[in-house]
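Heads up, the sequence shown is in my numbering, so the first residue is 34 and it goes up one at a time. This report refers to the structure that appears directly beneath it.
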Amino acid sequence: MKYESMLKRARENIPDNVKKAERFEIPKVLGHLQGNRTVISNFYKIAETLNRKPEHLLKFILKELAAPGELTKSALIIGTRVSASKVNEKIAAYAREFVICRECGRPDTKLEKEGGTLYIHCTACGAMHPVREKI
Numbered sequence: 034m035k036y037e038s039m040l041k042r043a044r045e046n047i048p049d050n051v052k053k054a055e056r057f058e059i060p061k062v063l064g065h066l067q068g069n070r071t072v073i074s075n076f077y078k079i080a081e082t083l084n085r086k087p088e089h090l091l092k093f094i095l096k097e098l099a100a101p102g103e104l105t106k107s108a109l110i111i112g113t114r115v116s117a118s119k120v121n122e123k124i125a126a127y128a129r130e131f132v133i134c135r136e137c138g139r140p141d142t143k144l145e146k147e148g149g150t151l152y153i154h155c156t157a158c159g160a161m162h163p164v165r166e167k168i
């Protein structure tokens with residue numbers, strides 16, 4: 034059997050969900066300035082898209098921005114003026130560190146704690162990678 038025909042047969046047998054080259058997109062922050070504070074109104078939607086707890090994402094962003102902040106029922110309020118591009122940058126950094134699988138590059142991951150160590154467990158390829166626990 035020739036290589037080309039074996040390759041063609043292998044490609045035909047690849048499941049459809051693996052063939053899809055869908056791009057993972059994190060929603061851009063929507064918000065406004067309120068005095069000296071920044072209000073991010075779609076923070077919960079961003080956390081849901083990343084499949085992470087809002088509190089974990091909040092802790093990371095506030096530490097990275099070195100700013101105080103709090104979650105309300107509908108938004109994140111950051112205690113200083115911060116540009117949307119800066120917040121988007123920090124969310125992208127969070128996704129690289131705590132969401133995207135280092136093996137396959139997919140966002141289909143969960144955070145799991147095992148033996149005192151926090152891991153990213155990829156549900157797409159099965160890889161596990163330790164991540165920093167203290168944010």
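Note that CB positions come from ideal geometry on N, CA and C, so glycine has one too. Here the structure is a predicted model, which is why all the values come from computation and not from measurement.
Quick check: what's the CA-CA separation for residue i versus residue j?
| i | j | result |
| --- | --- | --- |
| Gly149 | Gly138 | 25 angstroms |
| Glu97 | Ile47 | 41 angstroms |
| Thr105 | Leu95 | 15 angstroms |
| Leu83 | Lys119 | 18 angstroms |
| Glu81 | Cys155 | 17 angstroms |
| Arg129 | Arg44 | 30 angstroms |
By DSSP, does residue i sit in helix, in strand, or in coil?
| i | result |
| --- | --- |
| Arg70 | strand |
| Leu90 | helix |
| Val120 | helix |
| Ile79 | helix |
| Lys146 | strand |
| Leu63 | coil |
| Glu58 | coil |
| Lys96 | helix |
| Glu45 | helix |
| Arg139 | coil |
| Arg129 | helix |
| Met34 | coil |
Buried or exposed for residue i, going by 16 or more other Cβ atoms inside 10 Å?
| i | result |
| --- | --- |
| Leu91 | buried |
| Tyr127 | buried |
| Gly102 | buried |
| Cys134 | buried |
| Lys123 | buried |
According to DSSP, which residues form a beta bridge with residue i?
| i | result |
| --- | --- |
| Val164 | Leu151 |
| Leu104 | Leu109 |
Can you determine whether any heavy atom of the ligand SAM sits closer than 7 angstroms to the C-beta of residue i, and answer yes or no?
| i | result |
| --- | --- |
| Gly149 | Only the bare structure without any ligand can be found here, which leaves the ligand SAM out of the picture. |
Worksheet item: Hey, is the region 109–119 in contact with the region 63–72, meaning 3+ C-beta pairs nearer than 8 angstroms?
Response: Result yes; three or more Cβ-Cβ pairs closer than 8 angstroms.
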